[in-house]
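In this note's numbering, the protein residues as written are 1448 to 2057.
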Amino acid sequence: MCGIIGYIGKQNAIPILINGLKRLEYRGYDSAGIAFFQDNRIGVRRCAGKIKDLEASIKGEKLKSIAGLGHTRWATHGKPSEENAHPHRAGGIVLVHNGIIENYFELKEELKKKGHVFTSETDTEVICHLIHSYSQNGLNFEDATREALKHVEGAYAVGIINEKEPQKILAVKKDSPLVIGIGKGEFFIASDIPAFLKYTKDVIILDNGEMASITHKGVSISKISNRKPVTKEITKITWSPAMAEKGGYRHFMLKEIHEQPRAIADTIRGRFSLEKAEVNLEEFSMKESDLKKLNKIFLVACGTSWHSALVGKYMIEEMARVPCEVDIASEFRYRKPLIPRGSLVIVITQSGETADTLAAQRESQKLGAKVLSICNVVGSTSSRDADSVFFTHSGPEIGVASTKAFTTQLTGLYLFSIALAKSKGKLGAHEIRELFNELLYLPEKVEQSLRLNNAVLKIAKQFYRVRDFLYLGRGINYPIALEGALKLKEISYIHAEGYPAGEMKHGPIALIDNNMPVLALAPDDNVLEKILSNMEEVKSRGGKLIAVATEGNTKVLSRASHILSLPKTNYYLTPIIFSIPLHLLAYHMAVLRKCDVDQPRNLAKSVTVE
Ligand code: AGP
């Protein structure tokens, strides 16, 4: 997820671009750049690092321009560096992009054969060269862009300028956000409204397949595919700039909970082929032959990422029948682990900088094991030092409590498990296609689960004053009980425990009385009957039961005073769906308790010390 901005008007564009990028920094902050018209040429300034570094690098130049583009990057292809920073250029075409070009590799190879020289590792640069090659063939700016986009697969929000047409910005959109600000004689494009909200509250929301052509005179919008003009209404924004940075949500955590459908869609995009019934192993920087040789997997992480690892064990062992061992990283590094030959250590880390996880990664490599890092930050230590990497494309996670990173980690583990199972001959093409089909429906099912927000808020209003909370789960959802408890603990400061439901009678049931709320995860799976009887045990001792169940399950009705019903999915993806109401519950309880949701006391987003 990156942030793009463009400006054309009467003011000096440079400070507008820089300040706009600062309002978009939550979308990505590993490198930044601007492009601007000056004496009918296009100047470009870029740097690795944050926007303040870019600002410092141009300070002495006193740049002035009436139009330009800006970009703040969250790397997906190519490490954070000046060469990979946007804007990218080919000939007189300069552009900034937010999204993922799925077929960039093939396009880049074709263009290189035609003599195009690339200067970056990014997918974005391919778009410049395509537009440039069509404009070389005599097409005007708009049509060269249209032709180029016919070849592009994936998600994009692109701002484009052309040295041959200095008074114009083109903006095109498909599956990545792009909005247009309508000022008085000045116009803006951006990934998100905060970038220009201080200048205008009049906004046009571009839709998929639309192109905006913007000059000083105004904005004309047409269909990319057939040039047909499109009439758009202007929306008046009522948010404050601060609220707008959170997309109108009160906290980053709530925004990130609601970003999960997009984050999961971005994480699966280009990572498997339904037709070939196979995972795109390039995205794991692995080969099928590597997987085939594996006879043991270690999953190592901390906190919420450790919960992902626990779910990953169920996925890998049940799909691929390869034994898995799960470790908390701070334990793994000191227990002198026995790592047999033919093992793979998978470290899972949102930040890629967690000290204990990095130490475990180094220990594993010292012991001769290969390491796969499932990570959300390109250029992070874990991703750079690992032997192979799978990047979750959830975008920056600002809230300390991990949500979208967690569900995209589980998505990555699901894909890895399928690839491993295929290499071991444990899954055939038909079963693999069924697993992929369910994955394609996942973003919509997460969207559906998010509609429980008000029902969850109602439950939170009843329980937010409690001192203790118990979460019960079984099988692949036992780690989700742990995750629900951790979320509640870390942002509302209520003492909460996650427990395997079968363990209740071995001690924790002594805790049950009518002051103890118990949340039971009861999906339609092979242990449903067992969890129902655990719920009976709780109910008969006066415990207050909240059931999270698969929609249509009537058996929980008689056992729980609150029911949250979720869409049905397959066994392996249930943990993702069932974590949604638990994240919402923790959020609402924390807000009701007036806690600092995004920056809870004593915590840091990335624990870079032991
Ligand atoms: C999760 O909500 C917590 N903020 C914390 O447990 C986190 O998951 C843990 O510190 C691991 O961080 P990482 O994924 O960046 O390695």
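No residue lacks a Cβ here, since even glycine has one placed at the ideal position from N, Cα and C.
For clarity, every value in this text was computed on a predicted model and none was experimentally measured.
*For residue 1762, which of 1744, 1777, 1985 and 2003 has the nearest alpha-carbon?*
Position 315 of the sequence shown, counting from 1, holds the residue named residue 1762. Of the listed residues, the one whose Cα sits closest to residue 1762 is 1744.
*Specify whether the segment 2005-2019 and the segment 2039-2057 touch according to this definition: at least 3 beta carbon pairs, one from each stretch, less than 8 Å apart.*
no
*Cβ atoms of residue 1632 and residue 1456: under 9 Å apart, would you say?*
The residue labelled residue 1456 in the question sits at position 9 within the sequence shown. The residue labelled residue 1632 in the question sits at position 185 within the sequence shown. Yes, the pair counts as a contact, with Cβ atoms nearer than the cut-off.
*Top-ranked residue by Cα proximity to residue 1857, from 1830, 1800, 1796 and 1880*: The residue you call residue 1857 lines up with position 410 of the sequence shown. Comparing Cα positions, the closest option is 1796.
*asked:* For residue 1461 and residue 1515, I'd like the C-alpha separation in whole angstroms.
replied: Counting from one through the sequence shown, the residue named residue 1461 turns up at place 14. Counting from one through the sequence shown, the residue named residue 1515 turns up at place 68. Rounded to the nearest angstrom, the two C-alpha atoms are 8 Å apart.
*Let me know the secondary structure DSSP gives residue 1535 once reduced to three states.*
Along the sequence shown, one-based indexing puts residue 1535 at 88. Looking at residue 1535 - three-state DSSP - the assignment turns out to be strand.
*Near residue 1501, which residues of its chain fall below 6 Å by C-beta distance, leaving aside the five closest residues on each side in sequence?*
Your numbering for residue 1501 matches position 54 in the sequence shown. Cβ neighbours of residue 1501 beyond the five flanking positions: 1479 and 1494.
_I'd like the span of the alpha helix (DSSP H) that includes residue 1579, first residue to last._
Numbered from 1 along the sequence shown, position 132 holds the residue referred to as residue 1579. Counting along the chain, the alpha helix (DSSP H) containing residue 1579 begins and ends at 1572-1583.
_Checking the sheet assignment: what are the DSSP bridge partners for residue 1609?_
The sequence position of residue 1609 within the sequence shown is 162, counting from 1. Looking at the DSSP assignment, residue 1609 forms a beta bridge with 1540.
*asked:* Mapping the DSSP letters down to three states, classify residue 1947 as helix, strand or coil.
replied: For the purposes of this step, residue 1947 is identified with residue 500 of the sequence shown, where counting begins at 1. Strand, per DSSP.
_As assigned by DSSP and simplified to three states, the class of residue 1934_ = Here residue 1934 refers to the residue found at position 487 when the sequence shown is read from its first residue. Here residue 1934 sits in helix by DSSP.
*Sub-9 Å separation of residue 1543 and residue 1517 beta-carbons*: For this step, residue 1543 is matched to residue 96 along the sequence shown. For this step, residue 1517 is matched to residue 70 along the sequence shown. Closer than 9 Å, so yes.
_Considering only their Cβ atoms, is the gap separating residue 1454 from residue 1719 smaller than 9 Å?_
Along the sequence shown, read from residue 1 onward, the residue named residue 1719 stands at position 272. Along the sequence shown, read from residue 1 onward, the residue named residue 1454 stands at position 7. Cβ atoms of residue 1719 and residue 1454: not closer than 9 Å.
*Residues of its chain near residue 1990, where Cβ-Cβ distance is below 6 Å and the 5 sequence neighbours each way are ignored*: Counting from one through the sequence shown, the residue named residue 1990 turns up at place 543. Correct list, in chain order: 1959, 1963 and 1965.
*Can you give the Cα-Cα distance for residue 1827 and residue 1686, rounded to whole angstroms?*
Within the sequence shown, the letter at position 380 stands for residue 1827. Within the sequence shown, the letter at position 239 stands for residue 1686. So the alpha carbons of these two residues sit roughly 34 Å apart.
*Taking contact to mean at least 3 C-beta pairs separated by less than 8 Å, is the segment 1897-1909 in contact with the segment 1747-1755?*
With a cut-off of 8 Å on Cβ pairs, the segment 1897-1909 is not in contact with the segment 1747-1755, counting fewer than three such pairs.
*Kindly provide the ranges of any beta strand (DSSP E) runs that are 3 or more residues long and lie completely inside the segment 1652-1725, ordered along the chain.*
The segment 1652-1725 contains, as complete beta strand (DSSP E) runs of 3+ residues, the segments 1657-1662 and 1665-1670 (chain order).
*Can you give the Cα-Cα distance for residue 2002 and residue 2051, rounded to whole angstroms?*
Taking the sequence shown and counting its residues from 1, one reaches residue 2002 at position 555. Taking the sequence shown and counting its residues from 1, one reaches residue 2051 at position 604. Straight across, the Cα-Cα distance linking residue 2002 with residue 2051 is about 41 Å.
*asked:* Between residue 2035 and residue 1907, how many whole angstroms is the CB-CB distance? I'm expecting something under 8 Å.
replied: Indexing the sequence shown from 1 puts residue 2035 at position 588. Indexing the sequence shown from 1 puts residue 1907 at position 460. Right, their Cβ atoms sit about 4 Å apart.
*Which one or two residues does DSSP pair with residue 2013 in a beta bridge?*
Counting from one through the sequence shown, the residue named residue 2013 turns up at place 566. When DSSP reads this structure, residue 2013 sits in a beta bridge with 1997.
*Can you give me the Cβ contacts of residue 1860 inside the same chain, cut-off strictly under 6 Å, excluding the 5 residues immediately before and after it?*
Taking the first residue of the sequence shown as 1, we reach residue 1860 at position 413. Closer than 6 Å at the Cβ level, and outside the excluded window around residue 1860, lie 1759 and 1762.
*Identify whether residue 1643 lies in helix, strand or coil by the three-state DSSP scheme.*
As a working mapping, residue 1643 is identified with position 196 in the sequence shown. Three-state result, residue 1643: coil.
_Please classify residue 1596 as buried or exposed, where buried requires at least 16 neighbouring CB atoms within 10 angstroms._
The residue given as residue 1596 occupies position 149 in the sequence shown. By the 10 Å Cβ count, residue 1596 comes out buried.
*Closer than 6 Å to the ligand AGP: residues, by C-beta to nearest heavy atom, in chain order*: Output, sorted by chain position: 1749, 1750, 1751, 1752, 1796, 1797, 1798, 1801, 1804, 1847, 1848, 1849, 1937, 2053 and 2054.
*Output the distance between the C-alpha atoms of residue 1977 and residue 1952, rounded to the nearest integer angstrom.*
Residue numbering aside, residue 1977 sits at position 530 when the sequence shown is read from its first letter. Residue numbering aside, residue 1952 sits at position 505 when the sequence shown is read from its first letter. Cα-Cα distance, rounded: 13 Å.
*asked:* With the cut-off set at 9 Å, would you say residue 2058 and residue 2020 are in Cβ contact?
replied: Because the chain spans 1448 through 2057 in this model, residue 2058 falls outside it and cannot be assessed.
*Kindly confirm or deny that the segment 1762-1771 and the segment 1814-1832 touch, where touching means at least three C-beta pairs closer than 8 Å.*
no
*Quick one: any contact between the segment 1641-1655 and the segment 1566-1581, if contact means 3 or more CB pairs under 8 Å?*
no
*At which residue ranges does the segment 1758-1787 contain complete alpha helix (DSSP H) runs of 4 or more residues, listed in the order of the chain?*
Uninterrupted alpha helix (DSSP H) stretches at least 4 residues long and entirely within the segment 1758-1787 occur at 1776-1779, given in chain order.
*Looking only at its own chain, which residues have a Cβ that is under 6 Å from the Cβ of residue 1943, when we skip the five neighbours before and after it?*
Your numbering for residue 1943 matches position 496 in the sequence shown. Same-chain partners within the cutoff: 1916, 1932, 1935 and 1936.
*Residues bridged to residue 1820 [DSSP beta-bridge criterion]*: Translated into positions along the sequence shown, residue 1820 becomes position 373. Residue 1820 pairs with 1794 and 1836.
*Go ahead and pull the three-state DSSP assignment for residue 1866.*
Taking the sequence shown and counting its residues from 1, the one referred to as residue 1866 is at position 419. Correct three-state label for residue 1866: helix.
_For a quick check, are the C-beta atoms of residue 1564 and residue 1732 less than 9 Å apart?_
By one-based count along the sequence shown, residue 1564 stands at place 117. By one-based count along the sequence shown, residue 1732 stands at place 285. Contact: no.
*Look at the Cβ atom of residue 1845, then the Cβ atom of residue 2025, and state whether they are nearer than 9 Å.*
For the purposes of this step, residue 1845 is identified with residue 398 of the sequence shown, where counting begins at 1. For the purposes of this step, residue 2025 is identified with residue 578 of the sequence shown, where counting begins at 1. Taking 9 Å as the Cβ cut-off, residue 1845 and residue 2025 do not qualify as a contacting pair.
_Am I right that residue 1663 and residue 1614 are in contact with their C-beta atoms under 8 Å? What's the rounded C-beta distance?_
Within the sequence shown, the letter at position 216 stands for residue 1663. Within the sequence shown, the letter at position 167 stands for residue 1614. Contact between residue 1663 and residue 1614 holds: CB atoms are separated by about 6 Å, below the 8 Å threshold.
*In terms of alpha-carbon separation, which member of 1710, 1617, 1622 and 1639 lies closest to residue 1668?*
Locating residue 1668 in the sequence shown gives position 221, counting from the first residue. Out of 1710, 1617, 1622 and 1639, 1617 has the C-alpha closest to the C-alpha of residue 1668.
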